[in-house]
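A.B. asks:
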Amino acid sequence: MCRKIWYSALIVCFCKILFISPVKAEEQFVVEIEKGISIFVSPDSTSTILTVTSQKSNWTILHTSPNYFEVSNGEIQGYVKTKESHVLFPETVKKFEVYAASVPYYILKNGKLLEKGNIFPGVAWKRDGQTDEYHIIHVGNQLVYVPIEGTMPTSLEVNASAPRKAVIPTTLLAENHLPVFSPEGERLGTYPRSYPVAINGIDGEYAIVNFIGREAKVPFNLLYSKDLFQGAQTVSHSEMSFYTQVIHAMYPEFTELKQIGLSLEGRAIYALKIGKGKKEVLFDAALHAREHMTTNVLLEMMDSYSIHYRNNASWAGYKPREVLDKVAIWFVPMMNPDGVTLVQGGMKAVKNGELARKINGGSTNFARWKSNVRGVDLNNNFDSEWSALNVSAKKPAYHLYKGPKAFSEPESQALRDFINSRDFLSNMSYHTSGQVIYWFNWQKGSDLNRDVGLAGKVSRLTGYRVLDPMYLIGSGSSADWFIQEKKRPALTIEISPFVGDRPVPTSYWPAIWKQNHKVGMFIATEAASR
Ligand SMILES: [Zn+2]
């Protein structure tokens, strides 16, 4: 018995704390109550009636809750159902809060109000005007409509900051009713299921959004994409970082994101794993600066594979989820971020621009640049008999120079250490020149048969020509080093016809994607049997 009393006391107590908010004494908010309305002793359905109004009159609100206002007319103090009272909103009132469990909000489109989502109690909203039934909020040049019913004037401060602008405009979809939070974590409202959410930035596990004109955030893992990335564009290091982080943030349950190192100038080199397979293969791209179209190939694979993995859907004759849960793919979309930034943005875009200009023979046109920012060709810096490698460039240059020693560069060290930290069954290294496939580094016996066979299959998939062995002694290529160290296949895949000493034009993209879209699925499937 004792316990029962204690429980009910506790419940009453919580009700007060959770549902009744006091109104500041100095602010007088008023409800109009019609004749014949009940005023109750307590704010619940079992309450006895204190009195019934004898005429239409104004009452002051003392406390609010979703279903009842505590009101006073100077003589009587009691509770009225919110539905049976009418909150007065003088034009001079510039802010409001929600007292109902939630209220919808709308935008005006083609003369009709289109419901966009809900807003919650506990937060103040500014208003710029009103109609008979709606508050009006200006958001840019858009008008947002919030029903007056369910809201009341507020003494709370409008504690909101202006929303940031998107650096990389991206729209994702809400998987379900999507909770929206303030930057401090207060619940602001919701977006409805399938709502297209414009993303203005990343804050860890949250996506930054503009919620009715204020900065807000939503959980990334409740968002998904139908098509995040389009390949026919020049992709900067920031964009690569953004897309890679977004894919991981949307799908943390089947992806893993690693920063495998930093470039000479401190740019992040990211690796993203897709799939839960215990076996793993590695794809890398843009070791050569001007060959940044290869970054697009990997990003588009990451985008397509992750979407179809999420949907558990068939794609291009494969079931990405089944494939990647046997063999996961690690993607390193941009191995040479400084070099790519130099090619795309010129000498002002990097810290070592002046050095690069000197190395470039005084020219500020870096379209031909392949090396890292200090003139080391990273694909001549790996150690596959590196000391025997003889190239024409004996000092830093836009291409070819092999560096003062093997693995002298932070970028080649990062890839080497990443490869040594895992157990990759194969490595596809993406380059651009000549639509050919390199595969040979002195393999023998069954390894030779395995690797020439694999190169042939990728050739049939892509249409690229398998190069005959050249029997060169001394190499600094990452794929040659992988073959030598791991005794496993590594292909250098060159995705474009020769276009001269410059980046591949984006107009080549559709053909390149058609040739390469299945390669990840094929390579993962092939590795499953080894
Ligand atoms: Zn290359």
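According to my numbering, the sequence shown holds residues 191 to 720 in order.
The beta-carbon is built from N, C-alpha and C at its ideal position, and this holds for glycine as well.
Computed from a predicted structure; not experimentally measured.
1. Would the beta-carbon of N411 be found less than 8 Å away from any heavy atom of ligand 1?
2. Starting from the C-beta of I702, find all residues in its chain whose C-beta is less than 6 Å away, skip the five residues before and the five after it, and write them out in chain order.
3. Tell me, which residues are paired with M618 by DSSP?
4. So does the region 629-642 actually touch the region 667-675, counting three or more Cβ pairs closer than 8 Å?
5. What is the DSSP secondary structure of T424, counted as helix, strand or coil?
6. Kindly indicate which residue of Y295, E287, T424 and Y324 has the alpha-carbon position closest to the one of V348.
7. For the candidate residues S496, G391 and A518, whose alpha-carbon lies nearest to that of D613?
8. So who's on the other strand from Y508, going by DSSP bridges?
9. So does E601 have its beta carbon nearer than 8 Å to some heavy atom of ligand 1?
10. Here's a check: name, in chain order, each residue in its chain whose Cβ is nearer than 8 Å to the Cβ of R457, leaving out the five neighbours to either side.
11. Do L462 and T484 have their beta-carbon atoms positioned less than 9 Å apart in this structure?
12. Below 8 Å on the Cβ atoms is my guess for N400 versus N390; work out the distance and round it to an integer in Å.
13. Which residue marks the beginning of the alpha helix (DSSP H) containing R500, and which one marks its end?
14. Please classify T682 as buried or exposed, where buried requires at least 16 other C-beta atoms within 10 Å of its C-beta.
15. Measure the alpha-carbon distance for W559 versus R606 and round it to whole angstroms.
16. Could you please give me the residues that DSSP links to Q603 through a beta bridge?
17. If distances are taken between C-alpha atoms only, which option among E374, A479 and S453 comes closest to P600?
18. So if DSSP puts I223 in a beta bridge, which residue, or which two residues, is it bridged to?
19. Counting only the same chain and skipping the five closest in sequence on each side, list residues whose C-beta sits under 7 Å from that of A587.
20. Between the Cα of S667 and those of R692, V694, L579 and T696, spot the shortest distance and give me the residue it belongs to.
21. Assuming K407 and P373 form a contact by the criterion Cβ under 8 Å, report the distance between their Cβ atoms to the nearest whole angstrom.
22. What did DSSP end up calling P326 once you bin it into helix, strand or coil?
23. Output the boundary residues of the alpha helix (DSSP H) element that contains L638.
24. Can you tell me whether I201 is buried or exposed, with buried defined as 16 or more other CB within 10 angstroms of its CB?
25. Straight-line CA distance for M711 to P442?
26. How many angstroms separate the CA atom of R650 from the CA atom of N706?
27. In this structure, does DSSP put I702 in helix, strand or coil?
28. Determine the DSSP secondary structure at T696, reduced to helix, strand or coil.
29. Quick one, which of A557, V277, V329 and S496 has its alpha-carbon nearest W249's?
30. Answer with buried or exposed for D393, where buried requires no fewer than 16 other C-beta atoms within 10 angstroms of its C-beta.
31. Compare the C-alpha of A717 against each of N571, E224 and A680 and name the closest.
32. Check whether the region 313-322 touches the region 263-272, counting contact only when three or more Cβ pairs, one atom from each stretch, lie closer than 8 Å.
33. If I'm right that R480 touches R692 with Cβ under 8 Å, what's the distance once you round it to whole angstroms?
34. Taking the alpha carbon of M440 as the reference point, which residue from M492, L303, N257 and G451 has its own alpha carbon closest?
35. Any contact of the region 503-515 with the region 463-480, i.e. 3+ C-beta pairs under 8 Å?
36. Over the uninterrupted beta strand (DSSP E) stretch that includes F597, give me the two end residues.
C.D. replies: Based on what the coordinates show:
1. Position 221 of the sequence shown, counting from 1, holds the residue named residue 411. No, Cβ of N411 sits at least 8 Å from all heavy atoms of ligand 1.
2. Translated into positions along the sequence shown, residue 702 becomes position 512. So the list reads I685, once near-sequence residues are dropped.
3. Residue mapping note: residue 618 aligns to position 428 of the sequence shown, counting from 1. Paired residues: F473 and L681.
4. yes
5. Looking up residue 424 in the sequence shown gives position 234. T424: coil per DSSP, three-state reduction.
6. By 1-based counting over the sequence shown, the position of residue 348 is 158. V348 has its Cα closest to that of E287, out of Y295, E287, T424 and Y324.
7. In the sequence shown, the residue the question calls residue 613 occupies position 423. Residue A518 is the option with its Cα nearest to D613.
8. Against the sequence shown, residue 508 aligns to sequence position 318. DSSP output for Y508 lists W505 as bridge partner(s).
9. Within the sequence shown, the letter at position 411 stands for residue 601. Outside the cutoff, so no.
10. Within the sequence shown, numbered from 1, the residue matching residue 457 stands at position 267. Correct list, in chain order: H427, P527, D528 and T531.
11. Counting from 1 along the sequence shown, the entry for residue 484 is found at position 294. Counting from 1 along the sequence shown, the entry for residue 462 is found at position 272. No; because the gap between Cβ atoms is not below 9 Å, this pair is not in contact.
12. Taking the first residue of the sequence shown as 1, we reach residue 400 at position 210. Taking the first residue of the sequence shown as 1, we reach residue 390 at position 200. Correct: roughly 6 Å between the Cβ atoms.
13. The residue labelled residue 500 in the question sits at position 310 within the sequence shown. Taken as a continuous stretch (DSSP letters only), the alpha helix (DSSP H) holding R500 covers M483 to R500.
14. Locating residue 682 in the sequence shown gives position 492, counting from the first residue. With 16 or more Cβ atoms within 10 Å of its Cβ, T682 is classed as buried.
15. One-based indexing of the sequence shown puts residue 559 at position 369. One-based indexing of the sequence shown puts residue 606 at position 416. If you take the alpha carbons of W559 and R606, they lie about 23 Å apart.
16. For this step, residue 603 is matched to residue 413 along the sequence shown. According to DSSP, Q603 bridges with nothing at all.
17. For the purposes of this step, residue 600 is taken as residue 410 along the sequence shown, with counting starting at 1. Comparing Cα-Cα distances from P600 to each of E374, A479 and S453, the minimum goes to S453.
18. Here residue 223 refers to the residue found at position 33 of the sequence shown. The partner list for I223 (beta bridge, DSSP) reads S247.
19. Position 397 of the sequence shown holds residue 587. These residues qualify, in order along the chain: I549, S561 and G565.
20. The residue you call residue 667 lines up with position 477 of the sequence shown. Taking only the C-alpha atoms, the option nearest S667 is L579.
21. The residue you call residue 407 lines up with position 217 of the sequence shown. The residue you call residue 373 lines up with position 183 of the sequence shown. Between P373 and K407 the Cβ distance is about 6 Å, and since that is below 8 Å, they are a contact.
22. Your numbering for residue 326 matches position 136 in the sequence shown. Looking at the sequence shown, residue 326 is not Pro but Ile. The answer is strand: DSSP assigns I326 an E or B state.
23. Residue numbering aside, residue 638 sits at position 448 when the sequence shown is read from its first letter. Segment G635 to T652, the alpha helix (DSSP H) holding L638.
24. Against the sequence shown, residue 201 aligns to sequence position 11. Low per-residue confidence applies at I201: pLDDT is 42, beneath 50, and the placement is therefore not dependable enough to give any value.
25. Taking the first residue of the sequence shown as 1, we reach residue 711 at position 521. Taking the first residue of the sequence shown as 1, we reach residue 442 at position 252. Whole-angstrom Cα-Cα distance: 20 Å.
26. By one-based count along the sequence shown, residue 650 stands at place 460. By one-based count along the sequence shown, residue 706 stands at place 516. Distance between the alpha carbons of R650 and N706 is about 11 Å.
27. Residue numbering aside, residue 702 sits at position 512 when the sequence shown is read from its first letter. Note: I702 maps to helix in three-state DSSP.
28. Reading the sequence shown from its first residue, position 506 is the one you call residue 696. DSSP places T696 in helix when its eight states are reduced to three.
29. Taking the first residue of the sequence shown as 1, we reach residue 249 at position 59. Among A557, V277, V329 and S496, the Cα nearest to that of W249 belongs to V277.
30. Stepping through the sequence shown from its first residue, residue 393 is reached at position 203. With fewer than 16 other Cβ atoms within 10 Å, it is exposed.
31. On the sequence shown, residue 717 is found 527 positions in, with the first residue counted as 1. It is A680 whose Cα lies nearest to the Cα of A717.
32. no
33. Position 290 of the sequence shown, counted from the first residue, corresponds to residue 480. Position 502 of the sequence shown, counted from the first residue, corresponds to residue 692. That belief holds up - the Cβ atoms of R480 and R692 are roughly 6 Å apart, short of 8 Å.
34. Mapped onto the sequence shown, residue 440 falls at position 250. The candidate whose alpha carbon is nearest that of M440 is M492.
35. yes
36. The sequence position of residue 597 within the sequence shown is 407, counting from 1. First-last for F597: undefined, no H or E at that position.
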